[in-house]
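In full-length UniProt numbering, the protein residues as written are 1 to 270.
Even for Gly, the Cβ is constructed at its ideal location relative to N, Cα and C.
Predicted model only: the values in this text are computed from it and were never measured.
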């Protein structure tokens, strides 16, 4: 059963519980040379930096990004109320050798096409993409590129929204009300299939449910009318109306809803 999660204090400040879970899944190592690819400014580079040797952040925009309007640049959450289910810690993978990379000082931020990264093959021991895969162009092309720059014994970690393998696509209706450009939520099987088709071998998988308050999420709605329609649909479901797939409920007088998230760890197939 999901429960209220609290921020965990680190030497660099407070880390939100969902980001802490991802960091535990990633298992960053002091020798890692890391690449984080995100649409806009994501939180991963700052979270990884104290734990690894070097981090490069790519602020990626797909080549076809023109005309996408005021779509949110990245998925952002504060350290506030996100309810997250407990889970067993992932097993520790085998150590990897340190690759070398030519680049600028730690904290480098680069603008680049996610499907044509300006790095040589096998340049990074750890590559991450958090809630960005479907916003950066064709996800299959992006995955191939992320695997290309990942060292043979390295790790690619993808964090994204998913739906259960038996769940229908109805849940995407309110996602598209909020963001007409929403590409659709992949099933767990589809996400892992794309990774393997791109040349990756799945090593670990973490799928879990979170509950989130509706209002911060609706701050990213395309317009106020769309936000009102979503509120009405979710409130109607709480009152016994048609199901939206979001499993809304009232917590502390506020409207909350449910999402499924997945963390996928893979390595390139030689």
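Determine the closest residue to residue i out of the options, with distance taken between C-alpha atoms.
i: residue 254; options: 163, 117, 216, 41; result: 216
i: residue 230; options: 205, 128, 257; result: 257
i: residue 210; options: 247, 156, 130; result: 247
i: residue 41; options: 160, 213, 129; result: 129
i: residue 124; options: 195, 45, 20, 56; result: 56
i: residue 269; options: 114, 151, 113, 23; result: 151
i: residue 205; options: 25, 164, 242; result: 25
i: residue 36; options: 27, 21, 109, 120; result: 109
i: residue 226; options: 180, 237, 164; result: 180
i: residue 133; options: 191, 237, 121, 242; result: 191
i: residue 114; options: 139, 131, 233, 120; result: 139
i: residue 250; options: 212, 193, 43, 220; result: 212
i: residue 116; options: 58, 164, 242, 237; result: 58
i: residue 207; options: 242, 163, 220, 45; result: 163
i: residue 176; options: 188, 220, 197; result: 220
i: residue 20; options: 193, 197, 44, 233; result: 44
i: residue 31; options: 121, 118, 126, 188; result: 126
Since residue i and residue j are thought to touch, with beta carbons under 8 Å apart, how far apart are those beta carbons, to the nearest angstrom?
i: residue 171; j: residue 245; result: 3 Å
i: residue 33; j: residue 54; result: 5 Å
i: residue 264; j: residue 202; result: 7 Å
i: residue 161; j: residue 60; result: Wrong, their Cβ atoms sit about 18 Å apart, outside the cutoff.
i: residue 178; j: residue 222; result: 7 Å
i: residue 262; j: residue 195; result: Residue 262 to residue 195, Cβ: 11 Å. No contact.
i: residue 47; j: residue 15; result: 6 Å
On the DSSP bridge list, what partners appear for residue i?
i: residue 36; result: 57, 128
i: residue 265; result: 157, 204
i: residue 52; result: In the DSSP output, where bridge partners are listed per residue, residue 52 has none listed.
i: residue 260; result: 162, 209
i: residue 187; result: 163
Are the C-beta atoms of residue i and some chain B residue less than 9 Å apart?
i: residue 235; result: Looking at the structure shown, chain B is missing, and only one protein chain is on hand.
Could you name each continuous beta strand (DSSP E) segment of 3 residues or more that falls completely within the region 229–258, going from the start of the chain to the end? 249–251
Does the contact criterion of 3 or more C-beta pairs under 8 Å hold for the region 41–58 versus the region 136–153? no
For the 8 Å Cβ check, are there 3 or more pairs between the region 150–157 and the region 184–194? no
Note down, one range per segment and in chain order, each beta strand (DSSP E) of at least 3 residues found wholly within the UniProt domain "Methyltransferase type 11" (109–158). 124–130
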